[in-house]
Amino acid sequence: MNRDYNFAYLDEGAKKEIRRSILKAVAIPGYQVPFGSRELPIGRGWGTGGLQITLSILLPSDILKVIDQGSDDSVNAVSIKRLIKECAAVGVTTDSEAATVIQTRHRIPEIPLRGDQILVLQVPEPEPLRLVEGSDLVSRRMHGEKDYNLIWLRLFEDLIQFNEITAAAGYPVMVHDRYVASPSPIPRYDVPKLNMAQCLYLFGAGREKKIYAIPPYTKVEALSFDDVPFQVESFAGHACGKCGARDVFLDEIYDERTGEKYYQCSDSGYCEGRRRGAG
Amino acid sequence: MPDEPVLSLYNPQQGQEYLVEPDEPVLSLSGLTMYYGQGCPECEGDPGRGGDPLRGGDPLRGGEPERKGDPGRGGAPGRGGAPGRGGAPERGGDPERAGGVGLEKNRCPRCGAIWALRGVSLSLFPGEVLGIVGESGSGKSTLARCLYFDESPRAGTLRLLGRPENAFLLSRQARKQIRRESMGMVYQNPLAGLKMDYSVAANIAENLIAANCKNVARLKQRVYELLEIVEIPAYRGKETPASFSGGMQQRVQIAKAIANRPGILLLDEVTTGLDLSVQAKVLDVIKKIIREAGIAAILVSHDLAVIRLLADRTLVMLDGEVIERGLTDQILENPRHFYTQQLVYSLL
Chain A
-6 MNRDYNFAYL DEGAKKEIRR SILKAVAIPG YQVPFGSREL PIGRGWGTGG LQITLSILLP
54 SDILKVIDQG SDDSVNAVSI KRLIKECAAV GVTTDSEAAT VIQTRHRIPE IPLRGDQILV
114 LQVPEPEPLR LVEGSDLVSR RMHGEKDYNL IWLRLFEDLI QFNEITAAAG YPVMVHDRYV
174 ASPSPIPRYD VPKLNMAQCL YLFGAGREKK IYAIPPYTKV EALSFDDVPF QVESFAGHAC
234 GKCGARDVFL DEIYDERTGE KYYQCSDSGY CEGRRRGAG
Chain B
12 MPDEPVLSLY NPQQGQEYLV EPDEPVLSLS GLTMYYGQGC PECEGDPGRG GDPLRGGDPL
72 RGGEPERKGD PGRGGAPGRG GAPGRGGAPE RGGDPERAGG VGLEKNRCPR CGAIWALRGV
132 SLSLFPGEVL GIVGESGSGK STLARCLYFD ESPRAGTLRL LGRPENAFLL SRQARKQIRR
192 ESMGMVYQNP LAGLKMDYSV AANIAENLIA ANCKNVARLK QRVYELLEIV EIPAYRGKET
252 PASFSGGMQQ RVQIAKAIAN RPGILLLDEV TTGLDLSVQA KVLDVIKKII REAGIAAILV
312 SHDLAVIRLL ADRTLVMLDG EVIERGLTDQ ILENPRHFYT QQLVYSLL
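Chains A and B, in that order, are what the protein sequence lines are. So in our numbering, spot 236 of the first sequence is number 229, and the numbers just go up one at a time. All you need for our numbering is the position in the second sequence, starting with 1, plus 11.
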């Protein structure tokens, strides 16, 4: 640990303020709580929201896992992991079961998380109304009045134009029957994992300066019409080329030389665990 | 001037006209007052001063506290300057600015407030069409926007569909709910009523979705029914209104306005800017809908031909006030007020 920095990089005042915002977010599931987003040694938009939450909640006894697009080894994940390890003497792992705090972008791990685990999501755009309403003032008023008709209209427009809802990531969800939230750009496949989960989900948007949360055992429903049920991505007929897993979210990889498509687990930690177990 | 809650029945055999007391009004408005700016009413000594009796600056549309770009307001010289309540000295004693030259005649000489409506009262009865005529700037469209909760009046009582409470004093959510479930509005400018980046079908479905219809099959069925009613080919439902002509955009607005089978339909200059043949088509559609569905409608227009064709009763407005009211035939054949006479005879 680098002694030149305060524990977990941020000063204690900053951590305290962010923790207070987190507490408010947990108390009002799905509500976006503004917070004073700090300067960090990574650029805004590269996960500063998630990083500030992680740095604020870390204890020396924690074990950290950082994933980016499901992978433990991507550049962003490795850089964030090294930064945190440098500033806070916490253990790091690639095993989702062993981790107590998991910072992630775009994916929720394949294994169901436990009550003693916290999943921190990096969110580029926390406002689910942004696509349909440009004004922040009006968006906040719409949240206050639970007026989400424009989101429904956007979904209906998709059905008119394409006969299906095209939102692949960041699919709007109703949290605790009150606030519509954007579950960050996780794929639809991961959206059902938010409902009645045992773990705490924290969402941080550093650039937009917002924190929101889905506490354990909270009802989370993807918005869907009565006769057009919400559907997740299907990988029927495909399996991971490395571990052979079938009931997981798969990445499609195109080999330019052979022109063939391969599939492999998006969650690299899960894939590695399966191979280790098989080996 | 008292409202005349009558419907006329003409018996050709007896050559007599009967005035019939109709049912309870679906819309009853009294004392609607609207002005823009600080100060007024009448600047000093008014008990209502010191705070708007109604929630000012809380319109449902646009979301911003004050509307921008409204030619009736934005161009007012005194508006941006927020003159004090005592009145700007250079304005206070200037009879030309205060006294009634051109567009300045609605300005309060002391505080500079622009009066849009002064104590307008009216009733709308089931199944009738109430025409509102007047020159540009007389307050017709402001009246329609107040009734649709797009503008927040400074004073007035609005009772809708037999409910006892003043609808102007309801919460934003309650007003939105009334608007979505019981009212429809066709704006003069289609840009105000339609979302140009959504398909025609989605535009028409907007109020249905807002009224909590979340069944796609039912939504689509109703949308295509409405497209047929307003004579737009079903296959054009996927297109955006931006690709439509002005007349077709107005028909899309009409379909949207009647989607929820509202009790009250507000039509604000629906045929302005359309050529005569398209006007005729749009008016045919409106006439058919109003007669078949029995919707009560308020028709704002400066075109007396449109009023003659559709309206049962008519109000004439001038400078934010109702100066004459009565049966449409009576207004057009035997106008009493000097301004109405000018209006009628200049056209005929």
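Beta carbons: idealized from backbone N, C-alpha and C, even for Gly. Keep in mind it's a predicted model, so treat the numbers as computed, not measured.
Note to self: Taking CB distances under 7 Å as the criterion, tell me whether Q352 (chain B) reaches chain D.
What the structure shows: As a matter of chain content, chain D is missing from the structure shown, whose protein chains are A and B.
Note to self: Which residue marks the beginning of the beta strand (DSSP E) containing S134 (chain B), and which one marks its end?
What the structure shows: I125 to L135
Check: According to the Cβ coordinates, are V140 (chain B) and L321 (chain B) closer than 7 Å?
Finding: yes
Notebook entry, point to check: Going by beta carbon distance, what residues of the same chain come within less than 7 Å of L106 (chain A), once the five residues before and after it are set aside?
Noted result: L112, A190, Q191 and C192
Check: With a CB to CB cut of under 7 Å and the five nearest residues on each side skipped, what residues in its chain are close to D(-3) (chain A)?
Finding: none
Check: Going by Cα to Cα distance, which pick from B:L315, B:I243 and B:T339 is closest to D323 (chain B)?
Finding: B:T339
Check: For L219 (chain B), which residues from the same chain have a beta carbon less than 7 Å from its beta carbon, with the 5 sequence-adjacent residues on both sides left out?
Finding: L230, R233, A270 and N271
Checklist line | Whole-angstrom distance between Q352 (chain B) and F179 (chain B), CA atom to CA atom | finding: 34 Å
Notebook entry, point to check: According to DSSP, is R78 (chain B) helix, strand or coil?
Noted result: Residue confidence is low: R78 (chain B) scores 40 on pLDDT, short of 50, so the model does not pin down where it sits. Its coordinate-derived value is still stated next. R78 (chain B) falls in the coil class under three-state DSSP.
Check: Between the stretch 36 to 51 of chain A and the stretch 195 to 214 of chain A, do at least 3 Cβ pairs fall closer than 8 Å?
Finding: yes
Check: Of the residues B:G48, B:F136, B:G42 and B:V211, which one's Cα is nearest the Cα of C122 (chain B)?
Finding: B:G48
Margin query: Against R319 (chain B), what residues of chain A qualify as contacts under a CB-to-CB distance less than 7 Å, listed in chain order?
Written below: Simply none; closest approach about 38 Å.
Item checked: Candidates B:C157, B:S256 and B:V144, of which the one nearest R319 (chain B) by Cα -> B:V144
Notebook entry, point to check: To which residues does DSSP link M328 (chain B) through a beta bridge?
Noted result: B:G145 and B:V333
Margin query: At 3 residues or longer, what runs of the beta strand (DSSP E) sit wholly inside the stretch 116 to 175 of chain A?
Written below: 166 to 168 and 172 to 174
Item checked: Span separating the alpha-carbon of G163 (chain A) from that of D55 (chain A) -> 29 Å
Margin query: Considering only their Cβ atoms, is the gap separating R156 (chain B) from E332 (chain B) smaller than 7 Å?
Written below: no
Next item on the list: Compute the beta-carbon to beta-carbon distance between P102 (chain A) and D240 (chain A), rounded to the nearest angstrom, for a pair I have assumed lies under 8 Å.
Entry: About 14 Å; that fails the 8 Å criterion.
Notebook entry, point to check: What is the rounded straight-line gap between the Cα of Q25 (chain A) and the Cα of I246 (chain A)?
Noted result: 36 Å
Next item on the list: Using a Cβ cut-off of 7 Å, pull out every chain A residue sitting near S163 (chain B), in sequence order please.
Entry: Per Cβ cutoff of 7 Å: no residues; S163 (chain B) is ~15 Å from chain A at best.
Notebook entry, point to check: Below 7 Å between beta carbons: does that hold for L43 (chain B) and G167 (chain B)?
Noted result: yes
Check: The alpha helix (DSSP H) spanning E364 (chain B) covers which residue range?
Finding: Because chain B spans 12 through 359 in this model, residue 364 (chain B) falls outside it and cannot be assessed.
Note to self: If you measure between the beta carbons of V289 (chain B) and I265 (chain B), is that distance less than 7 Å?
What the structure shows: no
Margin query: Helix, strand or coil for E5 (chain A)? Go by DSSP, reduced to three states.
Written below: helix
Check: Exposed or buried, L135 (chain B), counting other C-beta atoms within 10 Å across all chains shown (16 or more means buried)?
Finding: buried
Checklist line | Opening and closing residue of the beta strand (DSSP E) in which G167 (chain B) lies | finding: A166 to L171
Check: Under a three-way DSSP split, which group does K58 (chain A) fall into?
Finding: strand
Item checked: Residues bridged to P120 (chain B) (per DSSP) -> P120 (chain B) is not bridged to any residue.
Notebook entry, point to check: How many Å lie between D330 (chain B) and S152 (chain B) at the Cα?
Noted result: 12 Å
Checklist line | Simplified DSSP state of V225 (chain A), which is helix, strand or coil | finding: coil
Next item on the list: Report yes or no: do the stretch 0 to 15 of chain A and the stretch 167 to 187 of chain A share at least 3 C-beta pairs separated by less than 8 Å?
Entry: no
Notebook entry, point to check: Quick one: Cα of G74 (chain B) to Cα of A185 (chain B), how far?
Noted result: Residue confidence is low: G74 (chain B) scores 45 on pLDDT, short of 50, so the model does not pin down where it sits. Its coordinate-derived value is still stated next. Cα to Cα, G74 (chain B) sits roughly 16 Å from A185 (chain B).
Item checked: Burial state of D295 (chain B) (16 or more Cβ within 10 Å) -> exposed
Note to self: Give me the chain B residues within the contact set of N142 (chain A), using Cβ-Cβ distance strictly less than 8 Å, ordered along the chain.
What the structure shows: E217, I220 and A221
Margin query: Taking a contact to mean a Cβ-Cβ separation below 7 Å, would you say P178 (chain A) touches H99 (chain A) in this structure?
Written below: yes
Notebook entry, point to check: Would you report the Cα separation of E157 (chain A) and F149 (chain A), rounded to the nearest angstrom?
Noted result: 9 Å
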